[in-house]
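Right, one structure below, let's go through it.
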Amino acid sequence: MKSAESTVFSPTRRRMAMALPLLGCVSWASAAPVSRAPQRASRALMGTQVDIVADGEDGSVLRRAIDKAYAEMARLEALFSRYQPDSAVSRISRAAGIQPVAVPAEVMAVLKTAQQMFRLSDGAFDITVGSLKGWSFEAGQHTVPPASLVARQRQLVDARRLVLNESAGTAYLTRHDMALDLGGIAKLPILEAGMRVLRQQGVSNALINGGGDVLVVGQLQGRPWRVGLRDPRAPERLLGALSVQGQAVVASSGDYERYFFAAGKREHHILDPRTGYPTVGVHGVSLLARDVAQVNGLGAAMMVQGAKAGQALVARQPGVDALVVAGDGGAWYSAGMAVALGRGAG
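Numbering-wise, the sequence shown is residues -31 to -1, 1 to 315 according to mature numbering (1 follows the signal peptide of the UniProt record, and there is no 0).
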C-alpha cells in the first residue's frame, strides 16, 4: 500500500520517524554498575535504516544473533518488495488479469492480513493502491499524475479483486494493470521475524527500530525501554515518551516521511484508495500494543479514514492505544495512551 510504510521497499534513505527510541547513555537505565554494554547495529533494509539493540551477558552471542536477524529480514524483504522484479509481489502484479501465481507461505499470510484489514476498515486499507502508478514520491522523480490518469487507475483499486487460494497457495489479481503495494502491511511482520530470530538465539532483551516502527522484548539494563513520540509537524519536539518492556510494539504512520510540494500543495505518499489522492485530515498516528497482529495496517487505515473515524476504529481494537495528530495541529490520545505518556486518564 502506498502508505506511511510504503517506503519499506523503496530505495533507502534516512527519514524522520514519529517513534524514536531514546537510547542515549545507559546511566538512566540502571541504578547498579553497568558491567557490559548492549550490542547495537544499524543496516539499510526495506528502504529505511533498521536498528537493533540487544542486551545480555555474552557479546559474541548477541552479535551472532543480530547477524542472523538481519539475514532473515533481508530474505523476507526479497519476497515482499515491489521494487525487486523477482519478488512474489512483483510476479503477482505482472500476472494481473492473466493467471494465479504461486506464493510462499509468508506472503500468503500477509495477503490474508491485508484482506482482513480491508474488511475491518471498510475499504480504507487497500493494498491494490499499487495500481495508482501515476504517482511518484521518489527523490528526483516527483510526479503528480493528471486527473484523468488518476480516475482511470482508481478503477483498478479494489482489494476484492485479489483472489487467494490457500489450498493451492496462489494469489491472483483479476484485472490487467492492477498492482500490489504491501508497504503498509509487510514491514511489521518482517521486523517481527527479526525479533523472533533474536529470541530463538537466546536473546531476552532487545529492541528493533525500522523507520519508526519499534518492537521490544525484555528490558534495557534492568529498566524499561524508552520510545519518544515526535510531533510530525515539529520533529525536534517530543509529544511524550513511552516506557515499554516485556513485549510491545509501537507502530507509526504519517504524512511526514515522503512528500513534496506541487503548485503550493503538500503531496504525500499515503494515498486514499477511495479517491486516488493523498489523504487529508491526519498528519500522524502512533499505536501501542503488545503484538504486531493487533496494529498491522491499522495506522494507515486511520490516516485514510480521518481523525474521528480513525478514533472509532482504534476504539474497537482491544489492547490497542493510539495518538492521533490531526491536520489542525490538535492531538488526540486514547485513554491508555494518555496514561502511558503520563498525561492522566482521558
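A virtual CB, placed ideally from N, CA and C, is assigned to each residue, including glycine.
Collapsed DSSP secondary structure at residue i in the structure displayed
i	result
residue 40	helix
residue 30	helix
residue 253	strand
residue 222	strand
residue 82	helix
residue -31	Confidence at residue -31 is low in this model, with a pLDDT of 44, below 50, so its placement is unreliable and the value that follows should be read with caution. Note: residue -31 maps to coil in three-state DSSP.
residue 71	strand
residue 169	helix
residue -12	strand
residue 128	helix
residue 281	helix
residue 108	coil
residue 315	Here the model assigns residue 315 a pLDDT of 46, short of 50, so the residue's position is not dependable, and the following value carries that caveat. Correct three-state label for residue 315: coil.
residue -19	Because residue -19 sits at a pLDDT of 46, beneath the cut-off of 50, its placement in the model cannot be relied upon, and the point is left open.
Extent of the continuous alpha helix (DSSP H) run through residue i
i	result
residue 152	Element bounds for residue 152: n/a, residue is neither H nor E.
residue 121	116 to 123
residue 60	57 to 63
residue 308	304 to 309
residue 213	No alpha helix (DSSP H) holds residue 213; the beta strand (DSSP E) holding it covers 203 to 213.
residue 268	267 to 274
Residue i versus residue j - alpha carbon distance
i	j	result
residue 282	residue 309	20 angstroms
residue -27	residue 248	Note that residue -27 has pLDDT 40, beneath the 50 cutoff, so the model's placement of it is unreliable and the number below is only indicative. Each residue's alpha carbon lies about 14 angstroms from the other.
residue 171	residue 125	46 angstroms
residue 29	residue 7	11 angstroms
residue 55	residue 44	13 angstroms
residue 167	residue 213	18 angstroms
residue 119	residue 152	20 angstroms
residue 108	residue 228	9 angstroms
residue 217	residue 256	10 angstroms
residue 325	residue 111	What is shown of the chain runs -31 to 315, which leaves residue 325 out entirely.
residue 276	residue 301	8 angstroms
residue 24	residue 175	6 angstroms
residue 53	residue 46	9 angstroms
residue 270	residue 239	10 angstroms
residue -25	residue 199	No answer about residue -25 holds up, because its pLDDT of 40 lies below 50 and its placement is not dependable.
residue 38	residue 101	33 angstroms
residue 236	residue 193	38 angstroms
residue 179	residue 17	7 angstroms
residue 296	residue 136	45 angstroms
residue -14	residue 265	16 angstroms
residue 40	residue 116	42 angstroms
residue 113	residue 230	10 angstroms
residue 242	residue 92	8 angstroms
residue -30	residue 144	Only weak support exists for where residue -30 lies, its pLDDT of 48 falling under 50; the coordinates are left without a value.
residue 165	residue 36	13 angstroms
For residue j and residue i, believed in contact at Cβ under 8 angstroms, the rounded distance
i	j	result
residue 219	residue 186	Between residue 186 and residue 219 the Cβ distance is about 13 angstroms, and since that is not below 8 angstroms, they are no contact.
residue 163	residue 42	4 angstroms
residue 140	residue 72	5 angstroms
residue 94	residue 273	7 angstroms
residue 33	residue 22	Contact doesn't hold; Cβ gap of about 15 angstroms is too wide.
residue 62	residue 142	7 angstroms
residue 261	residue 279	Going by Cβ atoms, the distance from residue 261 to residue 279 rounds to 19 angstroms, so no, they are not a contact pair.
residue 259	residue 305	At roughly 12 angstroms, the Cβ-Cβ gap does not stay under 8 angstroms, so residue 259 and residue 305 are not in contact.
residue 150	residue 209	About 31 angstroms separates the two Cβ atoms, so there is no contact after all.
residue 223	residue 201	5 angstroms
residue 128	residue 97	5 angstroms
residue 123	residue 245	4 angstroms
Paired residues, beta bridge with residue i - DSSP
i	result
residue 258	218
residue 234	231
residue 133	140
residue 97	Answer is none; residue 97 lacks a bridge partner.
residue 176	22 and 185
residue 240	247
residue 47	Bridge partners of residue 47: none, in fact.
residue 300	294
Heavy atom of the ligand NAD within 7 angstroms of residue i beta-carbon
i	result
residue 39	The ligand content of the structure shown is nil, which means the ligand NAD is not present either.
Residue i - containing beta strand (DSSP E), residue span
i	result
residue 194	194 to 200
residue 319	There is simply no residue 319 to check, as the chain begins at -31 and stops at 315 in what is shown.
residue 290	290 to 295
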